[in-house]
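Here is the structure we will look at, set down as structure tokens.
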Amino acid sequence: MVAVRPSVPLAGTVTVDGSKNAALPLLAAAAAMHRPVHSSNVPANTDVGTMLTLLQQAGWHAARPVNDPHTTVILPSDKQRPDPDPEVAARIRASYYLVPALLGAYGRARLPWPGGCAIGERGMEQHFKVYERFGDRSTVDDRGYLVEAATGGRGTVSIMLPFRSRGASIAAVLRAVVAGRPLRLGQPNLSPEVLSVVEALRISGWECRVSEAVLTLQPPRSVSGEEIAWRVPGDKIEAGTLACAVAVTGGNAHILGVHRDDITPLITALRWLGIPADAEDGTLTVQAQDAQPTGRPLRAIASLSPGGLDADFEPALLALALTLPGTRVPHGLPPAARGNPPSDLLLSASIGFIRSRRFAFSGLVRERTVRQQGLRRGPYGHVAPARRLLPRLCRPRAAGSCTCPT
84 MVAVRPSVPL
94 AGTVTVDGSK
104 NAALPLLAAA
114 AAMHRPVHSS
124 NVPANTDVGT
134 MLTLLQQAGW
144 HAARPVNDPH
154 TTVILPSDKQ
164 RPDPDPEVAA
174 RIRASYYLVP
184 ALLGAYGRAR
194 LPWPGGCAIG
204 ERGMEQHFKV
214 YERFGDRSTV
224 DDRGYLVEAA
234 TGGRGTVSIM
244 LPFRSRGASI
254 AAVLRAVVAG
264 RPLRLGQPNL
274 SPEVLSVVEA
284 LRISGWECRV
294 SEAVLTLQPP
304 RSVSGEEIAW
314 RVPGDKIEAG
324 TLACAVAVTG
334 GNAHILGVHR
344 DDITPLITAL
354 RWLGIPADAE
364 DGTLTVQAQD
374 AQPTGRPLRA
384 IASLSPGGLD
394 ADFEPALLAL
404 ALTLPGTRVP
414 HGLPPAARGN
424 PPSDLLLSAS
434 IGFIRSRRFA
444 FSGLVRERTV
454 RQQGLRRGPY
464 GHVAPARRLL
474 PRLCRPRAAG
484 SCTCPT
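Take the sequence shown: its position 102, counted from the start at 1, is 185 in this note's numbering, and no numbers get skipped.
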């Protein structure tokens, strides 16, 4: 159980970890390159560890230097191990990122259905349609799916996605890398996770052009076997959650290591609520000590559109809004919010649904200890980053004293 008790305002400077959601497809991209890849700022968490294990099981050399646990080196291997352990692969959703690399190495990819945290069904129809455009054949059963690579194939592969799927966009990009073919992808997902893969390809010699309507890739004229080096971007979700925590406590803080474009929608939401925030040169600054709430309804509309608010920002923004005075009516929160009562239970707020995507809440008890069970913790869990970073933001009441329970 993790307990959080009222304390002093959070203040100070912290650096966020590398993004797990960006690291996973970048590791899969490294495997698809079939050349040595050196990745830095890789977070040390369970999902990343599982992905490295899957790469090793599938025949790649994957290692972390002992003196630098946030660096990984992926080397191609000539060992024939086409199928990773299905029990290990089922632990994470991101196992499907490995399909293109497996197709390139072995001509087939046999994997279980995506696992990970239970947040609903994880359809892969768009992934299979992407592979079909390359001529691949997909078959499914109760245990998982099998993708078999097409032989031959030339020219540009054109794909129009029905919606901006992050997984399908990465699948298309990595499949083009393995096939060595130009790609024209319509209505791509332009999240930081996708763009980090595109930037990695650009570093590797690919010609990449990105717009809101189309993402195009052109393979390099010649392929080098030299080592490539790229860096995992900072975790925008960790930065956004810390920013909201600082705002809740009325503190001032600098959060380092995150790109401005990745958190612009969050900054907009904070300013809308009356919390001064800005980002420049990789630093997110929050100055909530003397903030004056605007009293405006919370606007937190998650969207896959370019520049849209990431759905993972919604819980932290909702928790922040709960600390502001008065009854508040958020606009645009998804219907799924109906199935997420922890904010109601843990923060002592009264929440009433007005209609789909809109509800009102009030009645927060500010001075309250919150206890939550069932959280992933430990050195590779979700709780660990907060337990490590929050003490750095705790401003002691007096020299040598600190009431922060973490």
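Just so it is clear, CB atoms sit at the ideal spot from N, CA and C, and this is done for glycine as well.
Contact belief for residue i with residue j at Cβ below 8 angstroms, rounded distance in angstroms
| i | j | result |
| --- | --- | --- |
| V277 | G101 | Not a contact, Cβ separation roughly 16 angstroms. |
| V260 | A115 | 5 angstroms |
| G334 | P92 | 3 angstroms |
| L403 | V331 | 5 angstroms |
| D361 | I350 | 7 angstroms |
| L138 | A145 | 4 angstroms |
| A111 | L181 | 5 angstroms |
| V329 | A371 | 6 angstroms |
Exposed unless 16 or more other CB atoms sit within 10 angstroms - verdict on residue i
| i | result |
| --- | --- |
| Q163 | exposed |
| D345 | buried |
| Q270 | buried |
| F246 | exposed |
| L430 | Only weak support exists for where L430 lies, its pLDDT of 45 falling under 50; the coordinates are left without a value. |
| T239 | exposed |
| G236 | exposed |
| S386 | exposed |
| P159 | buried |
| S178 | buried |
| P303 | exposed |
| D225 | exposed |
| P197 | buried |
| G54 | Residue 54 is absent from the model: the chain starts at 84 and stops at 489. |
| G308 | exposed |
| T222 | exposed |
| P89 | exposed |
| S294 | exposed |
| N150 | exposed |
| E397 | buried |
| D130 | buried |
| P152 | exposed |
| T28 | With the chain represented from 84 up to 489, any question about residue 28 goes unanswered, as that position is not in the structure. |
Enclosing alpha helix (DSSP H) for residue i [first to last residue]
| i | result |
| --- | --- |
| H210 | 208-216 |
| E295 | No alpha helix (DSSP H) contains E295, which DSSP labels as neither H nor E. |
| A106 | 103-116 |
| A330 | 319-332 |
| A404 | 397-405 |
Residue span of the beta strand (DSSP E) that contains residue i, given as start and end
| i | result |
| --- | --- |
| P195 | 191-195 |
| V120 | 120-123 |
| A233 | That residue, A233, is in no beta strand (DSSP E); it is neither H nor E in DSSP. |
| V223 | 220-223 |
| V171 | First-last for V171: 169-172, but that is the alpha helix (DSSP H), not the beta strand (DSSP E). |
| S388 | Segment: none, S388 is in no beta strand (DSSP E) and carries neither H nor E. |
| A336 | 335-339 |
| I358 | Note, I358: premise wrong, no beta strand (DSSP E); not H, not E. |
| A145 | 144-146 |
For residue i, three-class secondary structure by DSSP
| i | result |
| --- | --- |
| A312 | strand |
| D130 | helix |
| T96 | strand |
| L367 | strand |
| L75 | Here the chain covers residues 84 to 489 and nothing more, so residue 75 does not appear. |
| L284 | helix |
| V91 | coil |
| D344 | helix |
| T155 | strand |
| I350 | helix |
| A177 | helix |
| G378 | coil |
| L229 | strand |
| S241 | strand |
| P275 | helix |
| Q163 | coil |
| V306 | coil |
| V149 | coil |
| V85 | strand |
C-beta atoms of residue i and residue j nearer than 8 angstroms
| i | j | result |
| --- | --- | --- |
| G227 | P169 | yes |
| A374 | G357 | yes |
| I338 | D393 | no |
| R38 | N272 | Absent from the structure is residue 38, since the part of the chain shown begins at 84 and ends at 489. |
| G391 | P359 | no |
| I253 | P126 | no |
| S241 | R267 | yes |
| L298 | W289 | no |
| L400 | A352 | yes |
| I175 | M207 | no |
| H117 | G218 | no |
| P376 | L405 | no |
| T518 | A336 | With the chain running from 84 to 489 in the structure shown, residue 518 is simply not present. |
| A283 | H121 | no |
| L367 | V341 | yes |
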